[in-house]
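> The opening position of the sequence shown corresponds to residue 23 in our numbering, with each subsequent residue numbered one higher.
Ideal placement from N, C-alpha and C gives every residue a C-beta, glycine not left out.
It should be emphasised that the depicted structure is a prediction, and the values quoted were computed from it without experimental measurement.
Here it is: the structure, laid out below.
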Amino acid sequence: MERVVILKVGGSVITEKDKPFTVRTEGIQVVAEAIAEYSKPLFVVHGAGSFGHFLAKKYGLSRKPSNVKPEAVSEIRASVLKLNSIVVDAIQSKGVNLYWLQPYAFYRDERSREKLASLLMKLIEKGVSPLSFGDVIPTEDGFRIISGDEIVRDLASLLKPSRVVFATNVDGIYRNFRTDKKPIQEILVEDIKALVFRPVRDDVTGGMKGKLVETIRIAEIGVNVLFTNGLKKERLIKALKGKDPDGTLVKGRVVA
Ligand SMILES: Nc1ncnc2c1ncn2[C@@H]1O[C@H](COP(=O)(O)OP(=O)(O)OP(=O)(O)O)[C@@H](O)[C@H]1O
Ligand SMILES: [Mg+2]
C-alpha cells in the first residue's frame with residue numbers, strides 16, 4: 023500500500039476567517055473534489071477558522087490549559103462541530119469514505135500510541151480516510167485548544183507519512199508577506215528557523231508562525247512539508263501527489 027499523506031485543510035480555506043461563523047463554500051468544494059480525485063491513502067485534518075477563533079478569543083481559551091467557564095467549552099465545541107459536519111458531508115458527497123475522529127481520541131492516553139498508530143493504519147488500508155479537526159480538549163487542569171496544525175505534527179510523528187500538505191488561502195510561505203509577490207519555492211528547516219525567529223516581528227506572524235513551528239518539527243523527523251493554495255484544485259492535487267508544488271516545499275531533514 024502507498025504510504026499515507028497527511029493533509030491539513032486550513033480554516034482559511036473552508037471559512038471566511040474574518041467573518042464569524044461563515045463558511046467558504048467554494049473552498050470546501052475545491053477541497054472535497056481534490057480529495058476525491060487524489061483517491062489514495064489520506065489523513066485529513068481541518069482547522070476551525072471563524073467557527074473557533076472568535077469564540078476562543080471571546081472566552082480567553084488558548085493552547086495553554088485554563089479554567090474557562092463551562093459554557094465556553096460547550097459553545098466552542100458546538101460551533102466547531104457544526105463546521106466539521108459541513109466539511110464531512112461535502113467530502114463524503116464526492117464518494118470519499120471518511121472516519122470522523124475527535125482529537126480527544128488520540129490525546130487521552132499516551133500509552134496506547136503504537137496501538138493507535140496500528141489501528142489508524144488498518145482503517146486507511148481498508149480504504150477509509152480518517153478525518154479530524156482543531157478542537158477543545160479536556161486536560162488535568164481545565165481545557166485547552168488543540169490546533170489542527172498541532173494535531174498534524176503529532177500524527178506525523180505517529181504515522182510517518184510520505185508527506186504533509188498544508189493548504190491555506192495563500193500560495194505558500196512568503197519571506198516577506200507584505201512585499202513579496204511570490205512565495206519561497208523551496209526552503210530547508212534551518213532556513214525556516216531563521217525566518218521564524220528573526221527579530222523583525224512583523225514578518226511572519228500569527229497563524230503562519232505557529233504553523234511554521236510545527237513544520238520545523240515535522241521536517242526534523244524527515245518528512246517533507248508542502249504549502250499550497252487550498253482554493254486551487256489542481257495545485258492541491260499536485261501537492262498531495264508530492265509533485266513539485268505550486269507553493270513552498272520544506273525539505274524534511276535526512277534522518278540518520
Ligand atoms: N510569511 C507568510 N507567508 C504566508 N502567509 C502568511 C505569512 N505571514 C502571515 N501569513 C498569513 O497566514 C495565513 C494562514 O494562516 P492561518 O492560521 O490564518 O490560516 P489557517 O491555518 O488556514 O486557519 P486555521 O488556523 O483556522 O486552520 C494566511 O492567510 C496569511 O495571511
Ligand atoms: Mg492556523
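1) Taking the alpha carbon of T270 as the point to measure from, which residue in G32, G74 and N251 has its own alpha carbon closest?
2) Might you give, ordered along the chain, the residues of its own chain that have their beta carbon closer than 7 Å to the beta carbon of G244, omitting 5 neighbours on each side?
3) Is D171 near ligand 1, judged by its Cβ being under 8 Å from some heavy atom?
4) Find the nearest neighbour of I113 within the set K233, R99, S61 and A241, judged by alpha-carbon distance.
5) What is the DSSP secondary structure of R257, counted as helix, strand or coil?
6) Would the region 136 to 153 count as touching the region 197 to 204 if we require 3 or more Cβ pairs under 8 Å?
7) With K86 as the anchor, note down where its alpha helix (DSSP H) starts and where it stops.
8) Would the beta-carbon of K233 be found less than 8 Å away from any heavy atom of ligand 2?
9) Taking the alpha carbon of K39 as the reference point, which residue from E24, S154, R85 and S72 has its own alpha carbon closest?
10) Please tell me whether, using a cut-off of 8 Å, the distance from the CB of S34 to the nearest non-hydrogen atom of ligand 2 is below it.
11) I'd like to check one pair, V186 with I240: are the Cβ atoms closer than 9 Å?
12) Pairing CB atoms from the region 73 to 91 with CB atoms from the region 116 to 130, are three or more of them under 8 Å?
13) If I measure Cβ to Cβ from Y196 and keep anything under 6 Å in the same chain, skipping five residues before and after, which residues do I get?
Working from what's here:
1) N251
2) G274, R275, V276 and V277
3) yes
4) S61
5) helix
6) no
7) That residue, K86, is in no alpha helix (DSSP H); it is neither H nor E in DSSP.
8) yes
9) S72
10) yes
11) yes
12) no
13) D202 and P205
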